[in-house]
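Asks: Heads up: the sequence lines are chains A and B, in that order. For the first sequence, our numbering begins at 35 and goes up steadily by one. For the second sequence, our numbering begins at 35 and goes up steadily by one. The C-beta atom is built at its ideal place from N, Cα and C for all residues, glycine as well. For clarity, every value in this text was computed on a predicted model and none was experimentally measured. My structure is below; once you've seen it, I'll send some questions.
There are 2 protein chains.
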Amino acid sequence: MSETTTDPRELLLLGLLRRQEMHGYQLNEFLLGELSLCANIKKPTAYYLLKKMAEQGWIAESVEQEGNRPPRRVYRITPNGEQAFQQLLRQILPIYTPTYFESDLPLAYLDELPPTEARHLLKQRYEQLQQAQQALEQTPPHAGSVQWLIEHQRRHLRLEIELLEEILSHLAQEATI
Amino acid sequence: MSETTTDPRELLLLGLLRRQEMHGYQLNEFLLGELSLCANIKKPTAYYLLKKMAEQGWIAESVEQEGNRPPRRVYRITPNGEQAFQQLLRQILPIYTPTYFESDLPLAYLDELPPTEARHLLKQRYEQLQQAQQALEQTPPHAGSVQWLIEHQRRHLRLEIELLEEILSHLAQEATI
DNA sequence: GGACAATTAGTCAAATTTGATTATTTAATA
DNA sequence: TATTAAATAATCAAATTTGACTAATTGTCC
Chain A
35 MSETTTDPRE LLLLGLLRRQ EMHGYQLNEF LLGELSLCAN IKKPTAYYLL
85 KKMAEQGWIA ESVEQEGNRP PRRVYRITPN GEQAFQQLLR QILPIYTPTY
135 FESDLPLAYL DELPPTEARH LLKQRYEQLQ QAQQALEQTP PHAGSVQWLI
185 EHQRRHLRLE IELLEEILSH LAQEATI
Chain B
35 MSETTTDPRE LLLLGLLRRQ EMHGYQLNEF LLGELSLCAN IKKPTAYYLL
85 KKMAEQGWIA ESVEQEGNRP PRRVYRITPN GEQAFQQLLR QILPIYTPTY
135 FESDLPLAYL DELPPTEARH LLKQRYEQLQ QAQQALEQTP PHAGSVQWLI
185 EHQRRHLRLE IELLEEILSH LAQEATI
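Quick look at the structure:
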């Protein structure tokens, strides 16, 4: 009965199927397209989660065929799935999960590099950050509370950029000593 | 020859072994202790990474016995490992990896809840955030560039708290409409 | 109409991660 | 001095994730 998932990605998928039944490819288009800034669900992982939820009885698969394209599975949410959605939403929303910035770890060894080289390497990181920021500004506004996800990313990127600027200027100091 | 890892966690482990040879337990104490705020490397994962690096020839294992405690493996970095460290540091430092806030995903469905309930649930998240912040303020200052890792977390938590405050006050508005 | 690329719809084996468990030694306490 | 609890040092099976691949259909350019 109580398969206790608290995976927010299952909630996301349930929520998408709640608005509209979909086949796997549509889902993946959506995940890799619009939502790619907020969630990182790769194709095989999406299928894996769908299969798991189908086994729980949260979604139903049915094979459909259009024209003479190869048959494909359509996923729709079940009444059990709707219940799960309601429960998961209330279960996950109050939980804060810490974030680890693993790609920061090399910063711990900044001392091992000549300041000039460190600056050179970090400037490349800086450019990538700026590109990510521009990509984010390009995204059209989303309706409703999805806005908050985008807004979070926006602010996060601003923070990353500011911090990196400080690190760079700190290194500039060191280089002149 | 060129097993192209860009896993920052391997760099971290190499860097630790570079300062001092260690056995697995010591490493894990360190990872789960001081570094637990910056990296999320669980015990079996650490052993897995150590084994992998041993196979690459980056570190050497040797079995030692102290008193009649059970024998344990001591890991030390090899000359190849030192080379790898130098190379990895320069390879990873310029790379920016996007961060996904998956525990935000339920925010996308905030509309599905009565604003009052949403506020109630989010306030619990808020308390956890504040506890995390206090825990972080408690950590004694680290030397050198490890500081930046802590500073990043500090600012990140501030951002999270501010954003959540805005969401809460937004919901308060809705509740009075 | 034939060749080549792109789109659609997934699957699979291999790599990675993790909760749970094992096994030994040392410390605490009754 | 048993008995239990805590620390030490990992390991393992099971769950999860992913890069690479398959295979069919549809466009498109010559």
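Taking Y109/B as part of the beta strand (DSSP E), name the residues at either end of that continuous run.
Replies: Within the second sequence, numbered from 1, the residue matching residue 109/B stands at position 75. Taken as a continuous stretch (DSSP letters only), the beta strand (DSSP E) holding Y109/B covers 106 to 111.
Asks: Measuring only between beta-carbons, confirm whether Q158/B sits less than 8 Å from chain A.
Replies: Within the second sequence, the letter at position 124 stands for residue 158/B. Yes, Q158/B counts as interfacial toward chain A.
Asks: What is the DSSP secondary structure of I195/A, reduced to helix, strand or coil?
Replies: In the first sequence, the residue the question calls residue 195/A occupies position 161. Helix.
Asks: Under 8 Å Cβ to Cβ from Y59/B, same chain only, skipping five residues before and after it: list those, please.
Replies: Working through the second sequence from its first residue, we reach residue 59/B at position 25. Only R106 meet the Cβ criterion.
Asks: Taking the C-alpha atoms as reference points, what is the distance between R43/A and E98/B?
Replies: Within the first sequence, residue 43/A is the residue found at index 9, counting from 1. Within the second sequence, residue 98/B is the residue found at index 64, counting from 1. Cα-Cα distance, rounded: 45 Å.
Asks: Are Q165/B and I195/B close, meaning C-beta to C-beta below 8 Å?
Replies: The residue you call residue 165/B lines up with position 131 of the second sequence. The residue you call residue 195/B lines up with position 161 of the second sequence. Not in contact: Q165/B and I195/B (Cβ atoms no closer than 8 Å).
Asks: Anything in chain A within Cβ reach of E136/B, meaning under 7 Å, just list it in chain order.
Replies: Counting from 1 along the second sequence, the entry for residue 136/B is found at position 102. What E136/B touches in chain A: P42, R43, A73.
Asks: Between the beta-carbon of M87/A and the beta-carbon of L47/A, is there less than 8 Å?
Replies: Walking along the first sequence from the start, residue 87/A turns up at place 53. Walking along the first sequence from the start, residue 47/A turns up at place 13. Against a cut-off of 8 Å, the Cβ pair of L47/A and M87/A comes out as a contact.
Asks: Return the chain-ordered ranges of every beta strand (DSSP E) run that is complete within the segment 90 to 167 of chain A and spans a minimum of 3 residues.
Replies: If we require 3 residues or more, the beta strand (DSSP E) runs fully inside the segment 90 to 167 of chain A come out as 93 to 98, 106 to 111.
Asks: My output table needs one value for H190/B: the three-state DSSP class, helix, strand or coil.
Replies: Translated into the one-based positions of the second sequence, residue 190/B becomes position 156. In the structure shown, H190/B sits in a helix (DSSP, three-state: H, G or I).
Asks: Within the continuous alpha helix (DSSP H) that includes N62/A, where are the two ends?
Replies: Counting from one through the first sequence, the residue named residue 62/A turns up at place 28. Where N62/A is concerned, the enclosing alpha helix (DSSP H) stretches over 58 to 66.
Asks: In three-state terms, what does DSSP make of E208/A?
Replies: Counting from one through the first sequence, the residue named residue 208/A turns up at place 174. Three-state result, E208/A: helix.
Asks: Looking at the unbroken alpha helix (DSSP H) that takes in E44/B, where does it start and where does it end?
Replies: Looking up residue 44/B in the second sequence gives position 10. That run of the alpha helix (DSSP H) goes 42 to 53.
Asks: What are the residues in the segment 154 to 178 of chain B lying within 7 Å of chain A by C-beta distance?
Replies: Correct list: L155, L156, Q158, R159, Q162, L163, A166, G178.
Asks: Is the beta carbon of L144/B sitting closer than 8 Å to the one on S203/A?
Replies: Translated into the one-based positions of the second sequence, residue 144/B becomes position 110. Translated into the one-based positions of the first sequence, residue 203/A becomes position 169. No, these two residues do not count as a Cβ contact at 8 Å.
Asks: In this structure, how does DSSP classify K85/B when only helix, strand and coil are distinguished?
Replies: Reading the second sequence from its first residue, position 51 is the one you call residue 85/B. The answer is helix: DSSP assigns K85/B an H, G or I state.
Asks: Comparing the C-beta of L66/B with each C-beta of chain A, is any distance below 8 Å?
Replies: Translated into positions along the second sequence, residue 66/B becomes position 32. False, the Cβ-Cβ gap to chain A never drops below 8 Å.
Asks: Output needed for S36/A: all residues of its chain with C-beta closer than 7 Å, excluding positions within five of it in sequence on either side, in chain order.
Replies: The residue you call residue 36/A lines up with position 2 of the first sequence. Unreliable positioning characterises S36/A in this predicted model, as indicated by a pLDDT of 47, which lies under 50. A coordinate reading is not provided.
Asks: Taking three-plus beta-carbon pairs below 8 Å as touching, is the segment 118 to 131 of chain B in contact with the segment 66 to 77 of chain B?
Replies: These segments do not touch.
Asks: Going by DSSP in three states, T173/A sits in which element: helix, strand or coil?
Replies: The sequence position of residue 173/A within the first sequence is 139, counting from 1. Note: T173/A maps to coil in three-state DSSP.
Asks: Measuring only the C-alpha atoms, how far is E136/A from K157/A?
Replies: For this step, residue 136/A is matched to residue 102 along the first sequence. For this step, residue 157/A is matched to residue 123 along the first sequence. C-alpha separation (whole angstroms): 18 Å.
Asks: Please work out which residues of its chain come closer than 8 Å, Cβ to Cβ, to R189/B, disregarding the five sequence neighbours upstream and downstream, and give them in chain order.
Replies: The residue labelled residue 189/B in the question sits at position 155 within the second sequence. Cβ within range, chain order: n/a, list empty.
Asks: Would you please state the rounded distance, in angstroms, between the beta carbons of Q187/B and L71/B? I believe it to be under 8 Å.
Replies: The count along the second sequence starts at 1 and reaches residue 187/B at position 153. The count along the second sequence starts at 1 and reaches residue 71/B at position 37. Contact holds; Cβ gap of about 6 Å.
Asks: Within 8 Å (strictly less), CB to CB, does E116/B reach chain A?
Replies: Translated into positions along the second sequence, residue 116/B becomes position 82. Taking Cβ atoms only, chain A never reaches closer than 8 Å to E116/B, which makes this a no.
Asks: Given a cut-off of 8 Å on the beta-carbon distance, is the pair R153/A and A209/A in contact?
Replies: The sequence position of residue 153/A within the first sequence is 119, counting from 1. The sequence position of residue 209/A within the first sequence is 175, counting from 1. Contact: yes.
Asks: Among A94/B, P113/B, Q121/B, I111/B, which residue has its Cα nearest to the Cα of D41/B?
Replies: The residue labelled residue 41/B in the question sits at position 7 within the second sequence. The candidate whose alpha carbon is nearest that of D41/B is Q121/B.
Asks: Using 8 Å as the limit for Cβ to Cβ distance, is P140/A near chain B?
Replies: Taking the first sequence and counting its residues from 1, the one referred to as residue 140/A is at position 106. Cβ-Cβ to chain B under 8 Å: yes for P140/A.
Asks: Return helix, strand or coil for T39/B, following the three-state DSSP convention.
Replies: Here residue 39/B is taken as the residue at index 5 of the second sequence, counted from 1. Looking at T39/B - three-state DSSP - the assignment turns out to be coil, as it is neither helix nor strand.
Asks: Look at the alpha carbon of I93/B and the alpha carbon of Y81/B, and state the distance between them as a whole number of angstroms.
Replies: Reading the second sequence from its first residue, position 59 is the one you call residue 93/B. Reading the second sequence from its first residue, position 47 is the one you call residue 81/B. C-alpha separation (whole angstroms): 12 Å.
Asks: Cα separation between N114/B and G91/B?
Replies: The count along the second sequence starts at 1 and reaches residue 114/B at position 80. The count along the second sequence starts at 1 and reaches residue 91/B at position 57. Cα-Cα distance, rounded: 7 Å.
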